[in-house]
Each structure stands twice: as structure tokens, then as C-alpha cells.
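Top to bottom, those sequences are chains G and H.
The first sequence: position 65 = 106 (this note's numbering), numbered continuously.
The second sequence: position 176 = 217 (this note's numbering), numbered continuously.
All C-beta atoms in this analysis are idealised placements derived from N, C-alpha and C, irrespective of residue type, glycine included.
Written below as C-alpha cells is the structure these notes are about.
Number of protein chains: 2
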Amino acid sequence: MGITERKEKQKLEIRKMILDASMKLFIEEGYSHVTIRKIADIIEYSPTTVYLYFKDKDEIFYNLHELGFQKLLEKNQNLEGIKNPLMRLYKMGENYLDFGMENPEYYDIMFIQHAPMAALMEMEDCNWHYGDSALNALKQTIEEAMAQGLIHVGNVEAAAMGIWGMVHGLVSLAIRKRFDKLIPEQQIKGMMRQSLNWMLSAVDRSGNGLGA
Amino acid sequence: MGITERKEKQKLEIRKMILDASMKLFIEEGYSHVTIRKIADIIEYSPTTVYLYFKDKDEIFYNLHELGFQKLLEKNQNLEGIKNPLMRLYKMGENYLDFGMENPEYYDIMFIQHAPMAALMEMEDCNWHYGDSALNALKQTIEEAMAQGLIHVGNVEAAAMGIWGMVHGLVSLAIRKRFDKLIPEQQIKGMMRQSLNWMLSAVDRSGNGLGA
DNA sequence: AAAATTACTTAACACTGTTAATTTTCCAAA
DNA sequence: TTTGGAAAATTAACAGTGTTAAGTAATTTT
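This is the structure we're talking about:
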């Protein structure tokens, strides 16, 4: 059936138009300026048409949040060649901080806003695949580092959550302006990196200061 | 002038009524359900009257966020008697995690929402007093611990930001539902505490496992 | 060509924060 | 005690929000 196939394709095209428009608004004007009516304006359909392709606004943000994870994965490709798990851990942390500070809007939907998670809960296969695989990558690195005696040992899951928590904490405090009144603006990024370095060097049991 | 005095008092009373109503809505229905019209309903004035006592909604949230800090300060009174800075650090961390998980709405305006910081920027004396003194308390504890050789040494400011970042990261990931699909719900709080313990025991240089 | 299905739009609902213009209330001086 | 003016509060409106029910237009199937 060539016709239904073409129709399906067209449906996907409009879906993509909606996501592209959302993305454009999202990047250029920020989370709160992505409105159904503005999306409709851009794709030149009526606002209600958007609802024929997405259940609600949250579902649109769920899709944008996935694109954010793809961007993060791209950034993490520079980890591929790093064999030493401790060095990889440092680099992962730096990548994470950089990603968050360079893409605060993406970071917001990936790790702060309720919307994408609310959409996820409504889905039939409601696993958070991207979050899961990102955390697994971290866990694996920590597991290797512990096995090789390169870092303070302990529960891998707890350690992973702790390190994730720390970099997430730094980024989210920064982008939600909680450092602005506490330290000079130009120092924030540098201080965040120092925090990461202090933490990881405290965890370091390799005895040869890989953090340098 | 007894009359102008009474008038001033009345003005403060209505201000308090607005804050009380906001607080009630905030605690019972959450951040997003605090609306000017609902506040007006409760205090039995018209919506526009609210604007005679507060510049905008952000200013109301700034005041609520201060009350949150007072609540946190209360919780931290159990630190007073703890002389050992490392032990105090553990307890501070636990308090912070508990506070966040027990008062997610308060935590939200204190450390996640933009509103209170936006209001702060508009003020003449725009220092974040509560945030500043909370961070100072942490810095002082860390300084003591470093001076006594109880923890891994380094830049005090960076270490403080790192530890704050880590506990904030854990709480904010939890209340924004980023752990829900990654680990079983009943394990979240326990795992957060384990993360804190792993991190602090890695930082620990006292040699006698105070974390137990 | 008629019927049925799909795609899309119009109009509306029930909200939101906020402002300008207007009315009511209150207190002090004539 | 009446009058004038300031202060306090209100009404009405603006410009937006997400979302839905009902109706129209286009397309495919019978």
C-alpha cells in the first residue's frame, strides 16, 4: 500500500515540524517561551493541530529532552579512548559541567523540569532509557576504578549517585543563580571545576595524582 | 502620631495576611498553585490589592523562601553541641538531605525556582543573606576540619561548594523525580544517605571512621 | 456519485499575571 | 459639620496560557 505509507511519512513530517519549531523556540527564547500557539504560528497550522500529533505539551518536552541526551552523548565521545577509569571519571565530570554550563536550557529539561518525567510516567514503556544508560556508564567507570583500587571503595550505586549528585548540584545551583550573590561571576566556572577536582582527588587512591 | 502608627500596623497586618495565605496555598497545593487570585480569595480582598503590598509574585516568593531558610536553621540547631568538625559535617549533610526530602516545596523555592532570585536582583540591598550565612557555616566547619587534619585538604571555598553541590544534587534529583525510574522508590532515601556517607568517608583523613 | 474516514479549524473555557482608570473610604482642615 | 484631598480598594480590561468540543473541509473507500 503505497498510499498509507506516504501518509505515514507525512504524519512523521509534521511531527518533525512541530519538534523543530519547539526546538527553535526553546533554544532561542528558553523553556518558558515555548507555547503551543507560537509553535502553531511557525508551522503554519492552527494551535489545535499540535494536539493531533502530541498528547500535550509535556510530550513535546519529553522529545526535546531526548535530543538533549543525544547532545550529551556526542560530547562524551572524547571518553572512548581513555582506558584509565580514574582519568575517565575526571573527564566525565568535566564534560558534564561543561555541557550544563554551555546548554543551560537543555540541561533544564533533562534534569530539572518536571515536564519530561510527567510525560514519561504516562507512557506504556515508561523506562527512562537515556537516564539509565548515562548512569550505567558512570557506574561502570566507578566499578572499574574501585576494582583496580584507584578510588575509595564502597557501594558502586551509592558512589555513582554521589558523584552524579555533586556535578548535577553544581550545575543546577549555577544555572538557577544560587552562586551569583556568593562568589564573583567570573570565578563561578573555575570554582566549580575546583570543587570537582577537590572531590575526586579526595576519592583518589591511586597515589599518583592523576587529577593534575 | 498614634494614627499613622496604627495605619502602619494595619499595613503590616495585611502584608502578613497575604504571606500567610500564600504559605497556606504553597504548602497545601504546591508552588504552581499559588496564584494572585487565590491569595485574594483567602484574604477576602480583590486581586489587585495584593499589588499594593507586593511589587509582584516574585516578591511574595522571596518572602516565602526566607521562611524556608528559617525552618532549615531550626533543624540545624542540633549541630550546636557538636564540637568535632567532621562529625558536624556528617550531621549537616544528613540534616540537609532530611530537610529537602521532608519539605520539597520549601526546598524548591530556596534552591531551584528562579522567582526568589529574580526578586532579589530587584532589591536595593541585593545580598542573599540567608544563602550567604548558610554557606559560611559550611565553610567554617570545613576550615576547622582541614585545620585539624580531619579531612582531605584543599581550597575551602571549592570544598564547600562541592559538598553543598553534592547534597543539593541528591535532593534536587530526587524531588524532580530523576531517581524514580532508576532505583526502587523505597531505596531512594537510603541510597542518598549512603552516597553522602561514601563521599564523606572518602574525604575523611581522621583515620578512625567517624561516619559509623 | 455517495458514504465514510481523516485532517484540520473555529470558538470557546477556564485560567494566568498585571495595569489603568475609577470608586470608595478615611482623616484633617475650614 | 461640611468639604477637600489623600489613601486604599475595586472594576474592567489586556494579553496571554493549555486544552477541548464541535464543526468544516479534504480525501479515500465503497
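Can you tell me whether residue i is helix, strand or coil according to DSSP?
| i | result |
| --- | --- |
| G252(H) | The predicted position of G252(H) is uncertain, since its pLDDT is 49 and thus under 50; a value taken from the coordinates is nonetheless stated next. Residue state, collapsed to three classes: coil. |
| I192(G) | strand |
| D149(H) | helix |
| D245(H) | strand |
| M42(G) | Residue placement at M42(G) is flagged as unreliable, the pLDDT there being 41, under the threshold of 50; the coordinate-derived value follows with that caveat. Coil, per DSSP. |
| H155(G) | coil |
| D97(G) | coil |
| N144(H) | coil |
| M164(H) | coil |
| P126(H) | helix |
| R217(G) | coil |
| S174(G) | helix |
| Y86(G) | coil |
| T76(H) | coil |
| I59(H) | helix |
| G71(H) | coil |
| E49(G) | helix |
| I224(G) | coil |
| W205(G) | helix |
| W169(H) | coil |
Give the interface partners of residue i over in chain G, defined as CB-CB distance under 7 Å, in chain order.
| i | result |
| --- | --- |
| M232(H) | E198, A199 and M202 |
| A324(H) | Given a span of 42 to 253 for chain H in the structure shown, any question on residue 324(H) remains unanswerable. |
Does the distance from the C-beta atom of residue i to that of residue j stay below 7 Å?
| i | j | result |
| --- | --- | --- |
| Y171(G) | F110(G) | yes |
| W239(H) | G195(G) | yes |
| I101(G) | S63(G) | yes |
| Y131(H) | L211(H) | no |
| T182(H) | R129(H) | yes |
| M187(G) | M232(H) | no |
| S213(H) | S213(G) | yes |
| A199(G) | Q235(H) | yes |
| H106(G) | P157(G) | yes |
| I55(H) | V91(H) | no |
| V208(G) | L138(G) | yes |
| L53(H) | L127(H) | no |
| K124(H) | W169(G) | no |
| I224(G) | A215(G) | no |
Does any CB atom of chain G fall closer than 7 Å to the CB of residue i?
| i | result |
| --- | --- |
| M58(H) | no |
| A253(H) | Summary for A253(H): the model assigns pLDDT 44, below 50, so the residue's position carries little reliability, and this model does not support an answer. |
| M42(H) | With a pLDDT of 43 at M42(H), under the threshold of 50, the predicted position of this residue should be treated as unreliable, and no value is reported. |
| D222(H) | In the sequence as displayed, the identity of residue 222(H) is Lys instead of Asp. Output row for K222(H): interface = yes. |
At a Cβ threshold of 7 Å, is residue i touching chain H?
| i | result |
| --- | --- |
| M240(G) | yes |
| I153(G) | yes |
| H170(G) | no |
| R129(G) | no |
| V194(G) | no |
| K96(G) | no |
| M142(G) | no |
| L53(G) | no |
Along chain G, in chain order, which residues have C-beta atoms closer than 8 Å to that of residue i?
| i | result |
| --- | --- |
| L237(H) | G203 |
Give the residues of chain H in contact with residue i, contact being defined as C-beta atoms less than 7 Å apart.
| i | result |
| --- | --- |
| I112(G) | It is Lys, not Ile, that sits at residue 112(G) in the sequence shown. Near K112(G) there are no residues of chain H at all, since even the closest Cβ is about 18 Å away, more than 7 Å. |
Mind pulling the chain H residues with CB within less than 8 Å of residue i?
| i | result |
| --- | --- |
| G210(G) | W205, G206, M207, V208, H209, G210, L211 and S213 |
| M64(G) | Within chain H, no residue comes near M64(G); the closest Cβ sits about 22 Å away, beyond 8 Å. |
| D173(G) | K222 and L223 |
| L161(G) | K222 |
| L176(G) | L223 |
Please look up how many angstroms separate the CB atoms of residue i and residue j, rounded, as I've assumed it's under 8 Å.
| i | j | result |
| --- | --- | --- |
| M133(H) | L176(H) | Contact flag wrong, Cβ pair sits at about 12 Å. |
| E146(H) | F67(H) | 6 Å |
| K98(H) | I77(H) | 7 Å |
| N144(H) | N117(H) | Contact doesn't hold; Cβ gap of about 13 Å is too wide. |
| K65(G) | I83(G) | 7 Å |
| A243(G) | V244(H) | 4 Å |
Give the interface partners of residue i over in chain H, defined as CB-CB distance under 9 Å, in chain order.
| i | result |
| --- | --- |
| M158(G) | R217, K218, R219, D221 and K222 |
Interface residues of chain G around residue i at Cβ under 9 Å?
| i | result |
| --- | --- |
| L108(H) | Here the premise fails: no neighbours, minimum Cβ distance about 17 Å. |
CB of residue i to nearest heavy atom of the ligand MG: below 6 Å?
| i | result |
| --- | --- |
| V208(H) | In terms of ligand content, the structure shown is empty, and the ligand MG therefore cannot be addressed. |
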